[in-house]
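Position one of the sequence shown corresponds to residue 15 (this note's numbering), numbered consecutively onward. All C-beta atoms in this analysis are idealised placements derived from N, C-alpha and C, irrespective of residue type, glycine included. Quick notes on the structure that follows.
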Amino acid sequence: MTFNVENETDAQFPFDPRALAAQVIGAVLDGERCPYEAEVNVLITDEAGIRSFNREYRGIDAGTDVLSFPNISFVRPADFSPAEESAADHFHPDSGELILGDIILSADRIFSQAREYGHSVMREFAFLVAHSALHLCGYDHETPGEAAVMEEKQEKILEHLGITREKADAVREKGTEKIG
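Spelled out as structure tokens, the structure:
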């Protein structure tokens with residue numbers, strides 16, 4: 015699997031963003047039984063940057079915490095078969111990996127939401143990556159039922175990785191943050 019992570023900010027994370035993103039996205043893809051090796055691009059930007067992307071691609075002139083740009087038009091969540099129908103559009107010509115899509119994270123929101131929700135920066139980062147990776151797998155939260163499914167999956171992924179609110183709180187109290 016290929017995970018391209020670019021941090022265009024000066025934000026310093028108390029963990030390796032690439033390693034944590036790869037761990038979380040890998041867990042999502044395993045949980046969704048993705049039958050392919052995949053490529054995901056992750057961009058870490060600031061509030062102004064994500065607001066610009068949000069305005070350009072969604073027509074919403076406001077900041078947000080994360081944006082997801084799936085490369086596959088899913089009919090059903092985690093049904094990867096549409097990718098096979100137009101392989102040239104969905105698979106990298108050199109690696110053969112499924113180009114799953116792009117994730118854009120706001121470093122500013124990661125830090126502020128971690129404070130707001132009272133958990134670690136690591137937990138907030140992992141939560142947003144899990145949330146976005148589920149979007150890349152075709153999940154959405156437009157209805158209460160869809161939202162409940164996504165919330166349950168996000169929590170299971172983070173619990174499986176040992177990145178729970180309780181563990182994040184305990185790690186924060188010790189003054190260090192570790193992956194998993």
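Cutoff 7 Å; reference I64; Cβ partners in own chain excluding five residues on either side: Contacts found: G77, T78, L81, I118, S120.
Between the CA atoms of F83 and G152 - distance to the nearest angstrom: For the pair G152 and F83, the Cα-to-Cα distance works out to about 10 Å.
Pick from A162, S109, E46, N68 that is closest to L148, judged by C-alpha positions: Looking only at A162, S109, E46, N68, the smallest Cα-Cα distance to L148 is reached by E46.
Close beta carbons around A52, own chain, < 7 Å, minus the five adjacent residues each side: Hits under 7 Å: M15, L43, E111, L112, L114.
Terminal residues of the alpha helix (DSSP H) in which A25 lies: No alpha helix (DSSP H) contains A25, which DSSP labels as neither H nor E.
Unbroken alpha helix (DSSP H) run spanning V80, endpoints: Not the alpha helix (DSSP H): V80 falls in the beta strand (DSSP E), residues 80-84.
First and last residue of the uninterrupted alpha helix (DSSP H) at A52: Per DSSP, A52 belongs to no alpha helix (DSSP H); it is in the beta strand (DSSP E), 52-59.
Pairwise C-alpha distance: V135 and P5: A question about residue 5 goes unanswered here, because the residues of the chain that appear run from 15 up to 194.
Sub-7 Å separation of Q168 and H145 beta-carbons: Taking 7 Å as the Cβ cut-off, Q168 and H145 qualify as a contacting pair.
Separation of F141 from F27, as counted between CA atoms: Near 15 Å, if we compare the C-alpha coordinates of F141 and F27.
Assigned secondary structure, F17 (DSSP; H/G/I helix, E/B strand, else coil): In the structure shown, F17 falls within a strand segment according to DSSP collapsed to helix, strand and coil.
Alpha carbon of T178 to alpha carbon of D103, nearest angstrom: Taking the straight line from one Cα to the other gives about 37 Å.
Whole runs of the alpha helix (DSSP H) within the region 90-156, excluding any shorter than 4 residues: Counting only runs of 4 or more, we get 95-99, 101-104, 121-131, 135-150.
Span of the alpha helix (DSSP H), counted from its first residue to its last, around G45: Annotation for G45: the continuous alpha helix (DSSP H) segment containing it runs 31-45.
A101, buried or exposed, once every other Cβ within 10 Å from all chains shown has been counted against 16: Label assigned to A101: exposed.
Cβ-Cβ separation, D60 to T23 (assumed contact under 8 Å), whole Å: Contact holds; Cβ gap of about 5 Å.
Other residues of its chain near R116: CB distance less than 6 Å, five sequence neighbours each side excluded: Inspection of the sequence shows that residue 116 is occupied by Asp rather than by Arg. These residues qualify, in order along the chain: N55, F83.
Anticipated Cβ contact below 8 Å, F94 with P49, distance rounded: Yes, they are in contact, since the Cβ atoms of F94 and P49 sit about 6 Å apart, within 8 Å.
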